[in-house]
Every structure is written in structure tokens, then in C-alpha cells.
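Report on the following structure.
Protein chains: 2
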Amino acid sequence: MVSAPRDIPRTLQDLPPKWAHCCLHVEHFLAGELEFDLSGKTVVVAFSGGVDSTALLLILHYLAQKNGSRVVAAHLNHQLRDEADADAQWTAVFCEGLGIAYEQRTVPVAELAARGGVGLEQAGRDARYAFFADILAQHDAHCCALGHHLDDLCEDVLMRLARGTAWPGLAGMSGYDRERRIIRPLLLTSKSVLQRFLTDIGVTWREDATNADPAMTRNRVRHSLLPLFLMENPNFPETVARLWKVGRLDRDYWDKQTTSSGPLLPHSLLKTSHKALRLRLYKASLDEMDGGQALADTLFKLDSAWEERRFGAVFQFPGDKRATITRDGVVFSVFSSRH
Amino acid sequence: MVSAPRDIPRTLQDLPPKWAHCCLHVEHFLAGELEFDLSGKTVVVAFSGGVDSTALLLILHYLAQKNGSRVVAAHLNHQLRDEADADAQWTAVFCEGLGIAYEQRTVPVAELAARGGVGLEQAGRDARYAFFADILAQHDAHCCALGHHLDDLCEDVLMRLARGTAWPGLAGMSGYDRERRIIRPLLLTSKSVLQRFLTDIGVTWREDATNADPAMTRNRVRHSLLPLFLMENPNFPETVARLWKVGRLDRDYWDKQTTSSGPLLPHSLLKTSHKALRLRLYKASLDEMDGGQALADTLFKLDSAWEERRFGAVFQFPGDKRATITRDGVVFSVFSSRH
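Respectively, the protein sequence lines represent chains F and W. Mapping the first sequence onto this note's numbering, position 65 (from 1) lands on 69, and the numbers just tick up by one. Mapping the second sequence onto this note's numbering, position 47 (from 1) lands on 51, and the numbers just tick up by one.
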């Protein structure tokens, strides 16, 4: 039986002081660290009904009363698990009970994956982002808030290290991606804090059984790698939070140093740039064209060729992009073969 | 029974082409990546008799004939294991057989640790560095070569991540530490390559039983963490090598950006510096004074205080160092309380 959550505190003032403070801490993180001012904005919350997104929805709901923002909960029913319909019903009742605007869509993700020849994870992600984009437009919302927290960030950093992501990408997922209109208000908050928050104020949540599936990389990291790091250093999450802050600064720093990137990097610019900056200039020039990620190895080779002024040397990058050493400098272009 | 290695190839030319190429690759790494030209220099090799240092000694020995450098093997008998004396004897005979200059010292490390109230690892490290410093002086040598290889670098990066080392320190141990006169010629070479090299040319080595002791952090990382990363990505060592290269560049870049660090960082300098640079300026100013490592958290707090111009605010750092926000800028000093 699903019933509306009657006994949940209705406003920020009704919360125990500790949890009101926790909400304000999230607002502080948004304003200070992510430079995102909630006031007056509409935010779509990706609401699965799990502990992360339930806590996120409630926190933003409480803050909305204070800063004049508006929250829209958006639930996508992936139809992948037996409980999917019950989850969807639960999220609808939960929002109705609290007077939170609610949107729901049902998508046959397994069918889409089979039809598109992609994995379930990919098909699910595609369906979610299409759904959120529609809701963003429909509600004239500013961005979509995701429930990623500090435990997710730890896992993300470990996965990025395993995959070989360079700096500053190694420091983990972004807190506020303006281009993709995604914000992660809980990124430096531990999952255990979110669980205590919900438990203390008498809110239940839906458990996701797929979180235990060892076939998924993220779950392997969660259940085997992360516990080992926590054994070496019980404060590992805090050190990851610090690394993330340094990474955010360095990303911003390099972004500002590479504003002169473009289809031509003249020798005069490269000659006065440190090798660490040159590699980022190449990468920024490639990133400005759509398509695949530049490989660090090829960037190193490109720079060696530039150092030796090997005019005519051409380097291929994913996404049909290439770099050529010319007498004018390093020229970036996209193959025309597709046209 | 210990006998001199009679059938080992005597010169670079006697090596199978594959392994001669491997030696030249190490020379290339020294010259290109570490900017260290071996020619005419005397290098002390820390020679335990294990696979790493035996391979290192041989590679530098073969290269010495080519580039006019000179190799001195230095063996410290820690007297910690039953096989210690046999190991020492083996290293002496090995070097005699190849005509390599050889120095040996015996130190009762367990006794020193008990007397000094430090751990075995620390006492062993202290004894080794004192020994190497003496041999460096005695032979008018340029630096001491250590056998750390790519597997060690992988473990080092994982330990640094666990401990919370910021960027660029996170990228791992240095290849060439001019100040401490330490060089690591094999840092981007896999241990398996070194093992194959020795096996192929008919050289045996001494095994170190302590390498399996799970009480040591390094061994926990080696036997539990690293295999998991290799399972996620079989090319993990190559991605770490790439990360290390980016880290080396970034370290050099930030070193060059912070040459204006010192006991006073004037507001005019800080005002025109990005926050990412300001944090490195503080750190560089603190590093110029001897003593403990600055904590990232305190550096962040110091910068917030500077941003708010909280004149008079004082921040304490390990090693009795402190930073004060004054009307002139941020001033760094060491407590005089010790005098």
C-alpha cells in the first residue's frame, strides 16, 4: 500500500536544527563552490525514489521555500525491474503529498537497447537525458539536479584513474556543467549523511537491487575497490573532496589559459608556451570541434613533432579530427570524407 | 655455494638485440624525459640483489661502456633477515665477476630502530640514505640510482591517492630529484620486462621474502589494490606512466609560475593571480622554509581569509610555520618559540 508521507516536516523551520543546517550547507555549496544561485530559478530534480534523489528532492524543496526557487520532480520508469511500476507510483504519491510538481514518463529501455544495438546502461542514459531535456523545456527550468554524492565521487575518481583520465579530469565529475545544464548539489555530501537525514525525519525510500550487480563496473568499484581505500584511509572521502576542489580550480585555470585556442595555433604562441600549456592548447582546440576525446599519447607525439618542426606531419584524433604541423603553426581540422 | 656469473654477456654488443635496445631505451628515458645525460658521470647504484636493482645495475653497467659513465654498486646489509649475509655475499661476488666497483656496509637496523624509537621501515631508510650519501662523497659520484620501476610507480600513485596527495604530487615519485640526488632510470619500465631481461641473459637474483608481508602498506597495495585496477584496465601501468608524464610537466610548470614566492606575497601579486596559482604560491613560500608539508585544507582557508582581507588572521602549518594576512600581503614565518 502506498500512502502519502503525512508526518514529514513541511518546511525548513520544521526540521531539527541539525538537518536545517545540512540544507543550508547544500545551498552554501551551490553558491560558493559551484557559483550557482538558486534564488528564483526552476530546477528539475531527477527523482528515482532511491535514497540519493529522495534526499536531494527534499533538500531542494525545503530550500525553495526560503529562496523563491521552484522544484519539479521528474521520474523516468525504465521498465527494467519488477518493482519499476511500484517505484513510479511511490514517487508520484510522495510528491503529491508534499505538493511538489511532478512529471513521469515510461520508456521500454530494454526494447530501445535491443533495437538500437546498445547496452542497457547506455539506452537508459539516453532515455533519461531526452526526458530531462523535455521537462527542462516544458517548465522553462534552469538545469537538472542529479543526486550524485561524495561516495559516487570517490567511485568516479577511482574509475577515472583506472581508465587513465589525465589531470584535471581525474579529479572527478563536474559539480555544475553549464553546457549540459546539469548540477550536482550533493557532490561533497556523504551518502551516510543522506541516509541519516531521511531516517531522522521519518522518510522511507525505494532500494535499487541493481546496485549490488557485480557485472557493472560501478558496483565492482563500490564493493571491492572503495572499501580497500577506506581501509588504508578512513578519511578517504574527505581527501577526494579536496582533490575535487583542486581539480575544479585547475580546470578553470587551464580554461582561462587556453582561450586563444582555435583551428590554428601559431608558432609564436606555442613558442612562448610551456609544454604543459601547449598540450592543453592542443586539447582545447580539438575539444572545440565536436566528436571524440583526444588521446594523451597522440598529444605528446604531436608536441614532439612540433618541437622538431616536422612540417607536414599529420596526427589523427578520434572523431575524424586531425592536426597538421605547418609553417604557420599547428592546424586543426575535421576530415571532409564524411560529406 | 656462490659463484661469479661467468656466462653473462660482457658488453652491450654481446646482448641479444632486443635487450640491447631495452638498455638504450633506458638511456633515452634518462636523457629525454629526465634530462639527465649519463656521459662521463659516476652513478652509485643501490644494489640489494633483488630483481629490480640487479637489472638496474646491469643496464647501467652495459651503458657505462658506451657513454663513458662509471657505476658503483652499493649494498647495505640490514641484518633483518636470515638470508641477509648470504645476500650480501652474493652481491659482492656478482660485482666482482663483472668487474663492477662495489661497496658494502652492515648496519643493525633492528637495533637502531629500537634505540631511536622508530619503525623498521624508517630506520632502514635512514641507514640506506646515510650509506648512499657516504658512498656518493667517497666516489665523487653524481647521484644515486634506485631500482623503482613502473609497478612501483603504480603502487605509489595508489598510495598517494589513498593518503590524499594533491596534484601534481598525486602523479607519483620523481624520476630525478636533483636536491636529494636520486635518479630512477627504470621508472617507466615494467617489472616483468626486468624479469624477462635477467632470465633471458641467464642471470639469477635474490628474492625478498618481506615483499609478501601484508603488514606493510606497500604490500597490501601490491597484492590487493593493484590487481583490481589491472582487472578494470589491463593497460593500467601505461595509463599511470602517462599520468606521471603530465604530472612532471605540471610540476615544472607550477615551479616556474611560483618563482616569485617568498616570505612576503604582496597583495598586488596575489590580486593578479588565479586562485589555482595563489594556492601554489602559498605552498611554494612554505616549502622554502624547512619542515612539514602544508595541508591543503589550511591553504584553502588561508586563501579565503586573504579574499576577505581578514588582516591579522594567522594560520598554523606543520613545522612551526605560520602565515599572517597583513596590510602588505601574506607573510610567512617560522615560530621563534624554539629558540
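Idealized CB from N, CA, C, for every residue including glycine. All values reported here derive from a predicted model rather than from experimental measurement.
Using a Cβ-Cβ cut-off of 8 Å, phenylalanine 201 (chain F) does not count as an interface residue toward chain W, since no Cβ of chain W sits closer than that to its own. Taking the Cα positions, glycine 296 (chain F) is about 33 Å away from leucine 42 (chain F). At a cut-off of 8 Å, the C-beta of leucine 253 (chain W) has a neighbouring C-beta in chain F. Scanning chain W for C-beta atoms nearer than 9 Å to the C-beta of tryptophan 171 (chain F) yields Trp171, Pro172, Leu174, Ala175, Leu247, Val250, Gly251 and Asp254, reported in chain order. The shortest CA-to-CA distance from aspartate 256 (chain W) to any of F:Lys249, F:His278 and F:Ser272 is the one to F:His278. By a beta-carbon distance limit of 8 Å, isoleucine 63 (chain W) does not contact cysteine 99 (chain W). Their separation comes to about 15 Å. About 7 Å separates the beta carbons of leucine 191 (chain W) and leucine 154 (chain W), which is inside the 8 Å limit, making them a contact pair.
Not one beta carbon of chain W lies nearer than 8 Å to the beta carbon of histidine 152 (chain F). For glycine 179 (chain W), the closest of W:Ala327, W:Gly103 and W:Cys147 by C-alpha to C-alpha distance is W:Cys147. For tryptophan 258 (chain W) against valine 250 (chain F), the beta-carbon gap comes to about 12 Å, at or over 8 Å, which does not count as contact. Residue pairing by DSSP puts phenylalanine 319 (chain W) in a beta bridge opposite W:Ala327. Residue-level contact check: leucine 281 (chain W) touches chain F, since one or more beta carbons of chain F fall below 8 Å from its beta carbon. Valine 111 (chain W) is positioned such that its CB atom lies no closer than 8 Å to that of histidine 79 (chain W). Close CB contacts of glutamine 17 (chain W) within its chain, under the 8 Å cut and outside five residues either way in sequence, are with Ala24 (chain order). Residue environment analysis places lysine 260 (chain F) among the exposed positions, since fewer than 16 neighbouring C-beta atoms fall within 10 angstroms of its C-beta. In this structure, DSSP gives threonine 262 (chain W) a state outside helix and strand, which the three-state scheme calls coil. Alanine 90 (chain W) counts as exposed, since fewer than 16 other C-beta atoms from the protein chains shown sit within 10 angstroms of its C-beta. Counting the other CB atoms within 10 Å of its CB gives aspartate 332 (chain W) a total below 16, which places it among the exposed residues.
Under the DSSP definition of a beta bridge, proline 270 (chain W) partners with W:Gly333. Of all C-beta pairs linking the segment 182 to 202 of chain F to the segment 134 to 150 of chain F, three or more are shorter than 8 Å, placing the two stretches in contact.
Within the segment 165 to 223 of chain W, the complete alpha helix (DSSP H) runs of at least 4 residues fall at 195 to 204.
The C-beta of asparagine 223 (chain W) comes no closer than 8 Å to any C-beta of chain F. Using a Cβ distance threshold of 8 Å, serine 73 (chain F) and valine 97 (chain F) do not count as a contacting pair. Within the segment 140 to 166 of chain W, Val161, Leu162, Met163, Leu165 and Ala166 place their CB atoms closer than 9 Å to a CB of chain F, listed in sequence order.
DSSP, reduced to helix, strand and coil, places alanine 298 (chain W) outside both helices and strands of the structure shown, so it counts as coil.
Residue pairing by DSSP places cysteine 27 (chain W) in no beta bridge whatsoever. Here arginine 226 (chain F) is buried, its C-beta having at least 16 other C-beta atoms within 10 Å. Taking 8 Å as the cut-off, the Cβ atoms of asparagine 237 (chain W) and alanine 35 (chain F) do not count as close.
Only Ala300, Asp301 and Phe304 from the segment 292 to 321 of chain W bring a Cβ to less than 8 Å from some Cβ of chain F. In this structure, the beta-carbon distance from alanine 175 (chain W) to leucine 229 (chain W) does not fall below 8 Å. Within the segment 100 to 124 of chain W, the runs of alpha helix (DSSP H) that reach at least 4 residues and sit entirely inside it are, in chain order, 113 to 120.
For glycine 123 (chain W), there are no neighbours in chain F by C-beta distance under 8 Å, as the nearest C-beta there is about 17 Å away. Look at histidine 79 (chain F) here: in three-state DSSP terms it is strand. Among the bridge pairs identified by DSSP, valine 48 (chain F) is matched with F:Val76 and F:Cys148. Annotation: alanine 327 (chain W) to leucine 19 (chain W) spans about 58 Å, alpha carbon to alpha carbon.
A direct Cα-Cα distance of roughly 23 Å separates tryptophan 209 (chain F) from valine 113 (chain F).
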